[in-house]
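**Q** Take a look at this one; I'll ask things after.
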Amino acid sequence: MAHEQESASSTHDDVDVYDFAAVQEKWLPVWDELQPFRSGDPADTRPRKYVLDMFPYPSGDLHMGHAEVYALGDVVARYWRHQGFNVMHPIGWDSFGLPAENAAIKRGIDPRGWTYDNIEQQKRSMRLYAASFDWERELHTSDPEYYKWNQWLFLQLYEKGLAYRKDSWVNWDPVDQTVLANEQVLADGTSERSGAVVVKKRLTQWYFKITDYADRLLDDLNQLEGHWPAKVLNMQRNWIGRSIGADVEFEIEGRQERVPVFTTRPDTLWGVTFMVVAPDSELAAELVAGSSAVVRERFAEYLTQVQKSTEMERQNTDREKTGVFIERFAVNPVNGERLPIWVADYVLADYGHGAVMSVPAHDQRDLDFARAFDLPVRVVVDTNAPVTGVIPVIPTDENGDPFLPDDLLPLDPKSTGVALTGDGRMINSGPLDGLSKGNAVKRTIELLEAEGRGRAAKNYRLRDWLISRQRYWGTPIPIIHGEDGAEIPVPEDQLPVLLPDAEGLDLKPKGTSPLGGTENWVNVPNPIDGTPARRDADTMDTFVDSSWYFLRFLDPNDDTRAFDPKQAEKWAPVDQYVGGVEHAILHLLYARFITKVLFDLGYLSFTEPFTALLNQGMVILDGAKMSKSKGNIVYFTEEVEKHGVDAVRLTMAFAGPPEDDIDWSDVSPVGSAKFLARAWRVANDVTSEPEVDWRTGDAALRRITHRFLADAPGLVEAFKFNVVVARLMELVNATRKAIDTGAGPGDAAVREAAEVTAMVLDLFAPYTAEEMWQRLGYEPSVALVQWRKADPALLVEESVTAVVQVDGKVRDRIEVSPKISMEELEALARASAAVRRTIGDREIVAVIVRAPRVVSIATVG
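The sequence shown begins at 1 in UniProt numbering and counts up one residue at a time.
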């Protein structure tokens, strides 16, 4: 039998050994010629799907993280093609940014050369990896043809009042010598780029006014429920951080204008005993200017100390409280009390209005500060009192003062050191006494609004997006500065503002943009009156590049506009986005913001860029993140050369749920390669012709094949790729068994199973699938084959076994149709010879039927 199978396999090009390298070498040029993944044919009437993988940064060759994301994204793209869709699956490079510039500085070369050399290397590897990209849509964000439209986008926001320049304290990376957006500072206070501890520096910078969209960015997350990972939605909600409360206006003695203070607890105003101002705020500088020389000196020393701390350190609740009394006083708007004003580092300049009303009895940080500097503490919420139901009658002494047992008296936070943060009833609060929190908040806002001293308000953790960078390798900001300080937008017909050549420029980080020293570039005539002017020397944050790139893919070669709204109407938003969870805040939040802006400008008809999101985990080794310093790198090129592209891709899909990390030491690309050879051999052994009638084949194998065909779509769409691979392995094993010990290689069901295997294997291992498809007698490409439909008749079990019990004991088993009725099943049970013998002349008192599985008969007598 084995000899006969060997002979059968030799009829297919006399090859009986699976050679992945030869298969890869064979099919790449075929696909290049066929271009099966082009999506731009205007005559194509198929329904459309837009599948997008987060595009890579060109830093060296591909790595194992790329291998995972592009394997998983390609499963989705190939699946929808098999389902009859015209799938747009583009690729490009996020090619501006600090890593390229730093690498170029280190090597003494132009960032352009380093960037585009890496792109060519990655492109070679990507083509080998056989992701089904439409290469006609390739783009690079560092091309003038792309960044021209970054500048156009900037001008759109500028005209709408959403791009502005201001002087403020910013996050400063002392290693890369550039500013960072809040989102680019990690939780430990370090730069996501260089790893350096971020400090504060005062600079004039460009911002996008993302805070104008805070409510929409938050509320529209509801549209994405069930389509984006819950973890990502929660991260965005927390980052936007909407708080509901009130702006309370405090008078400052000696200052004409009131100071607004945001609070979520306006009901505790009667408990305010001091005010704290952020030391790095404009308000602090103004107030200290009116203080004594001694205070000014103390404040200057303290500010220098604060600027050395990260925001993370300042927000640490366990940190010792420090501050300076600046000899200024505020006035409490509800009771007229004078409140001493302090500066302290636990208040941030960009929270609310840079000042907080301190209620130490009910806020732990305020209490710690009050205890450190012996400031008053006043309890205004009785946390022992019930917040619902009837308010108890409180006994009084002979003077009319409350008289309570010790265990019901409000605790003294100043003594215990523990703030009373729970709910309760208001006390010591004038008109609020006896009210619960909700009613007290509402009543306080009414009183403030009636007196013109406050109003209901919202506050956000989200801050405006700082987009200017003091580096060379990025999009120049299209603004010209006149001699009088005026900002003049570069006329659109003069875009792009091109980067000058790097030759002769000193690109080393020095705190100002290298472009500022390029006299023949930076000095230009004012486009309005021809007077001397200067270009803005900063470049844009590269997250601007990636905030809209999904739209440029619609036609990356259009030199007349950023994108065609008609094409956006056809293709966008992205149906399925695939990428790492590390972009949960920065990139995704910025892309959502820009999409909403473009919607408001009338360029788009949708407000969310990515309908569905799939986050893949990391590829790690021995439980640890890979890094060169640890010496635990698994190299993409080596794995592909050792095991083949298909084995690496299949391993990524089979390792587990996509969102889980893949520990490369726990998976088996060797096992994947063996399975692929086994699948290839199945196709190689098929001897029937393509025209054979499958219905004549082995029924048992056909049922396995069609059950798989029916189940696989739901599994793929639920991202259970590993389960699909496991089921595919079961199908190959069943087919091999049919070939070796059952129906034989010429059976029609064997051919059908082999063809289905090739079609589904295309999702994971395109080289092997294409080779199988050809060996089965078909023209390429299997990637375009319509998904075979499961035969409903083969999904129905032929029969089930019904158990018949008499007085609790099994007396017979009957093979019946799964669709048998209760009446029919009862009749069969009563007619059973075994049942009749058991019952004899006893009376049947009850019959319980649960079709099609059980009949239970009860008797007496």
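Cβ atoms here follow ideal geometry from the backbone N, Cα and C, with glycine treated the same way.
1) Can you tell me where the alpha helix (DSSP H) with G226 in it begins and where it stops?
2) Alpha carbon to alpha carbon, how far is P766 from M54? Give it in angstroms, no decimals.
3) Identify the continuous beta strand (DSSP E) that holds P260 and give its terminal residues.
4) What is the rounded straight-line gap between the Cα of M652 and the Cα of L72?
5) With C-beta atoms as the reference, is Q151 less than 8 Å away from T475?
6) Which same chain residues end up closer than 7 Å to E843 when comparing Cβ atoms and leaving out the 5 residues on each side of it in sequence?
7) Count the other CB atoms, across all protein chains shown, that sit within 10 Å of the CB of residue 864; report buried if there are 16 or more and exposed otherwise.
8) Do V276 and S358 have their C-beta atoms within less than 8 Å of each other?
9) Under three-state DSSP, which class holds F606?
10) Measure the CB-CB distance between V524 and L515 and report whether it falls below 8 Å.
11) If we call anything under 8 Å between Cβ atoms a contact, is L507 one with A104?
12) Counting only the same chain and skipping the five closest in sequence on each side, list residues whose C-beta sits under 8 Å from that of G430.
13) Determine which residues share a DSSP beta bridge with G323 and list them.
14) Could you tell me whether the Cβ atoms of V272 and N332 are closer together than 8 Å?
15) Am I right that A419 and H362 are in contact with their C-beta atoms under 8 Å? What's the rounded C-beta distance?
16) Using three-state DSSP, classify L367 as helix, strand or coil.
17) Over the uninterrupted alpha helix (DSSP H) stretch that includes I594, give me the two end residues.
18) Would you report the Cα separation of E282 and I480, rounded to the nearest angstrom?
19) Is there a Cβ of chain B sitting closer than 8 Å to that of S781, yes or no?
20) Which value, in whole angstroms, describes the spacing of the CA atoms of Q364 and T317?
21) Which residue from Y351, A457, A758, R836 puts its Cα closest to that of M772?
22) With distances taken Cα to Cα, identify the nearest neighbour of W135 among A440, V17, R237, F553.
23) Rounded to the nearest angstrom, how far is the Cβ of V804 from that of V855, given a contact under 8 Å?
24) What does the Cβ neighbour count give for L180, buried or exposed, with the cut at 16 atoms within 10 Å?
25) Helix, strand or coil: how does DSSP classify W548 here?
26) Buried or exposed for G389, please, with buried defined as at least 16 other CB atoms from any protein chain shown within 10 angstroms of its CB.
27) Is G744 helix, strand or coil when you go by DSSP?
28) According to the neighbour-count rule (16 or more other Cβ atoms, all chains shown, within 10 Å of its Cβ), is N238 buried or exposed?
29) Can you give the Cα-Cα distance for F274 and R255, rounded to whole angstroms?
30) Could you please give the first and the last residue of the uninterrupted alpha helix (DSSP H) stretch that includes V179?
31) Among the residues of its own chain, which have a CB less than 8 Å from the CB of Y346, if the five just before and after it don't count?
32) Quick one: give me the first and last residue of the beta strand (DSSP E) that residue 863 is part of.
33) Less than 6 Å between C-beta atoms, sequence neighbours within five positions excluded: which residues of the same chain meet that for P90?
34) Would DSSP call M357 helix, strand or coil?
35) Spell out a yes or no on whether the segment 653-660 and the segment 608-627 are touching, meaning 3 or more CB-CB pairs, one atom from each, closer than 8 Å.
36) Residue 942: which of R78, I119, Y158 sits nearest, CA to CA?
**A** Working from what's here:
1) Taken as a continuous stretch (DSSP letters only), G226 belongs to no alpha helix (DSSP H), as it is neither H nor E.
2) 21 Å
3) 259-263
4) 8 Å
5) yes
6) T859, V860, G861
7) Nothing can be reported for residue 864, as the shown portion of the chain is limited to 1 through 861.
8) yes
9) coil
10) no
11) yes
12) W270, V334, N335
13) A344
14) yes
15) 6 Å
16) helix
17) 586-600
18) 27 Å
19) The question asks about chain B, but that chain is absent: this structure has only one protein chain.
20) 8 Å
21) A758
22) F553
23) 5 Å
24) buried
25) coil
26) At G389, the pLDDT of 47 sits below 50, so the modelled position is not reliable and the matter cannot be decided from this model.
27) coil
28) exposed
29) 17 Å
30) Not the alpha helix (DSSP H): V179 falls in the beta strand (DSSP E), residues 178-180.
31) V276, R314, Q315, R319, K321, R365, F369
32) Nothing about residue 863 can be reported from this structure: the residues present for the chain run from 1 to 861 only.
33) D134, R137, F553
34) strand
35) yes
36) The chain is shown from 1 up to 861; residue 942 falls before or after that span and cannot be answered.
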